[in-house]
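Protein chains in written order, with my numbering: chain A, 2 to 310; chain B, -16 to 366.
Right under this line is the structure:
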């Protein structure tokens, strides 16, 4: 559905997109994950022909995307990072306005607006002005304005920024529903939990480049760590830490403030082996738990820095 | 017409501002019309002073002088009671007490002053009456020097016909400034302030980067968006213009309708409205925050109006101020308006000047349209 090849965008000396390559397939929720300033919004702006780029090609629905590609734009819905609605218009008038930019037929437009209002749960707020809405409701209005015309491709640029957990869940459920109803979605975020929750495929961006792309399982398989075991309330000697590091599949240990973190490669019974060792050595501890690697671990291992740095 | 309709809707939400400026404008224009009307009649009224004359000479010559004064003023011949006369001056019963001294005739013939004048404090008629007496006596002496007797000379002076003043009504206004001309004189302020604040503000909202991006990403072409916004501008401007003309008709009715140059007034103010629209458009393009529109338009509209002679007559502005103002279309609007005030019948050279003024305003419109397009293009390329 979307093919981005060797996309380069420079702002003076700053390279915002550095030979970015991406491919998005029909029917998927494609996540663009990366820290702030990694080029997510720039990539989206180039995709929508809002920004001129220096090099590369963008093809959407098999056609090259240009500023005057109104046929392609008709099939795209955009939910921008910043809430972009008219403060002077009511909730309903805003949705009608943005829907009207795509749908000329009055009856069809009315139906689309009704559905968008129902979809985002804004029925009770139709006559309110944006300044009367809470942050979460404002985000929902922002989404309603982007999806009312029933686009085949929806681009959502960090739609949950500064939103309370309840509204965030509402928004994420809505995105999954849109996808089930047939829309392809590009979802950018720096919240890895969200991306893990809703995206079928993910591309991790750093310094304007895609450093890894795949399903979350594929991404996690790319890295060495398969399991992280954390033991809290423990007191161990240097010798005991060294012994733990010698256990099968353990490749790294960290001990600080009565907390021992053991990184293991993917293998069965890693936790059992650690527990067995602690029992043998009669080491007392407060709590032990095991975690699968997160996308942050993937990012950390590939780039050497935290996703939220 | 999505963009157009929403634009109108947003302007409608700001109609309070329009009404505010409209109210201020109507108030100022009507007040100035009334003040101007009163001033023009007061300037030309003939006034008669209250004079008490004490004739100590009791000669024929002094009698002729009293007769002369009676023709021009309210004259009472009084007894020589100084206390009573002072009282009459104090209580403003009299403006002047004129004492004709004993030996008046001889004194005048010798070229000396034979009268004594006391005037009420705060009265300015003394100089005027003194001039009239001097003129009378001088003329009688002239006749006397040509061999006429004093009584004969007096008769001849008083029998002289007054100079006849005829009004050469070249401009067709009957020597008066039409009251509605003040209304039209103030129109630029209404158009610049009201259209600038309301239309400029809504345009700033439309040009908000976030909304602009969203609209650019849509299948609605940029050209269609701009055309509909401009159409909205024109409709609102024209509605305000029609409303203003209707108010003028209600206030001035027949006077306005019977004015032979009404067409010129309407054309001139319509061109001025278009210039105000373009001004609002440029402000909308340049200002980034809607809150700042007020802060910019209010001083700018007042400044332009002062500079161009909306609030003060252009004649009282210095040459350098007028030179600076000539780079603004309002200056040419006021110039045409002044010509229309001075000339009800627009013919010959006046017609040429009027069309020249309107033509210059049209050139300003073209130049401002060019500037708007250049700014819009530059902002587009900046992306």
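Each residue gets a CB set at the ideal place from its N, CA and C atoms; glycine is no exception.
In the structure shown, residue 87(A) adopts coil according to DSSP, grouped into three states. Of all residues in the segment 72 to 93 of chain A, only 72, 74, 75, 77, 79, 81, 83, 84, 85, 86, 87, 88, 89, 90 come within less than 8 Å of chain B when Cβ atoms are compared, listed by chain position.
In terms of beta-carbon proximity, residue 202(B) lines the interface with chain A, with at least one pair separated by less than 8 Å.
Short of 6 Å from the beta carbon of residue 168(B), and not among the five residues preceding or following it, lie these beta carbons of its own chain, in chain order: 320. Put simply, the CB of residue -8(B) is near chain A, with a gap under 8 Å to one of its CB atoms. Restricting attention to 5(B), 111(B), 85(B), 71(B), the CA atom closest to the CA of residue 31(B) is found in 111(B). Distance from the CA atom of residue 85(A) to the CA atom of residue 197(B), rounded to whole angstroms, is 7 Å.
If the five residues before and after residue 151(A) are omitted, its C-beta is found closer than 7 Å to the C-beta atoms of 113, all from its own chain and listed in chain order.
Annotated as proximal: residue 89(A) and residue 188(B), with beta-carbon spacing under 8 Å.
Look at residue 54(A): its C-beta is not under 8 Å from any C-beta on chain B.
Within 8 Å of the CB of residue 99(A), the CB atoms of chain B belong to 197, 201, in sequence order along the chain.
Taking 8 Å as the threshold, the shortest C-beta distance from residue 51(A) to chain B falls below it.
Each residue's CA atom was taken as its position, placing residue 49(A) and residue 66(A) some 8 Å apart.
Put simply, the CB of residue 188(B) is near chain A, with a gap under 8 Å to one of its CB atoms.
Taking C-beta separations shorter than 8 Å and ignoring five residues to either side along the sequence, the partners of residue 211(A) in its chain run 21, 22, 23, 204, 205, following chain order.
In this structure, residue 359(B) sits away from residue 280(B), with a CB-CB distance that is not shorter than 8 Å. The Cβ of residue -4(B) sits closer than 8 Å to at least one Cβ of chain A.
Rounded to whole angstroms, residue 327(B) and residue 291(B) show a C-alpha spacing of 22 Å.
Annotated three-state conformation of residue 335(B) is helix, per DSSP. Close to residue 194(B), with beta-carbon spacing below 9 Å, are these residues of chain A in chain order: 85, 86, 87. Across the set 126(B), 335(B), 214(B), 160(B), the C-alpha of 214(B) shows the shortest separation from the C-alpha of residue 182(B). When DSSP states are grouped into helix, strand and coil, residue 301(B) belongs to the coil group. Three or more beta-carbon pairs separated by less than 8 Å are not found between the segment 222 to 230 of chain B and the segment 307 to 318 of chain B, which leaves the two stretches without contact. If you ignore the 5 residues before and after residue 102(B), its C-beta comes within less than 6 Å of the C-beta of 79, 109, all in its own chain and listed in chain order.
Non-local beta-carbon contacts of residue 55(B) in its own chain, meaning distances under 6 Å to residues more than five positions away in sequence, are absent. For residue 56(A), the three-state secondary structure derived from DSSP is strand. Close CB contacts of residue 123(B) within its chain, under the 6 Å cut and outside five residues either way in sequence, are with 136, 137, 140 (chain order). For residue 236(B), the enclosing alpha helix (DSSP H) begins and ends at 205 to 240. Under the Cβ criterion of 8 Å, residue 12(A) is not counted among the residues facing chain B.
In the structure shown, residue 74(B) falls within a coil segment according to DSSP collapsed to helix, strand and coil. For residue 126(A), no chain B residue has a Cβ inside 8 Å of its Cβ, as the nearest lies near 18 Å away. Spanning the alpha carbons of residue 290(A) and residue 223(A) requires a straight line of approximately 23 Å. Note: residue 184(A) is not bridge-paired with any residue in the DSSP secondary-structure output.
Proximity of the segment 93 to 113 of chain A to the segment -5 to 14 of chain B falls short of the contact definition, fewer than three beta-carbon pairs being nearer than 8 Å. Nearest neighbour of residue 249(A) by Cα position, chosen from 95(A), 256(A), 239(A), 265(A), turns out to be 265(A).
Secondary structure note for residue 245(A): its alpha helix (DSSP H) is the uninterrupted segment 239 to 246.
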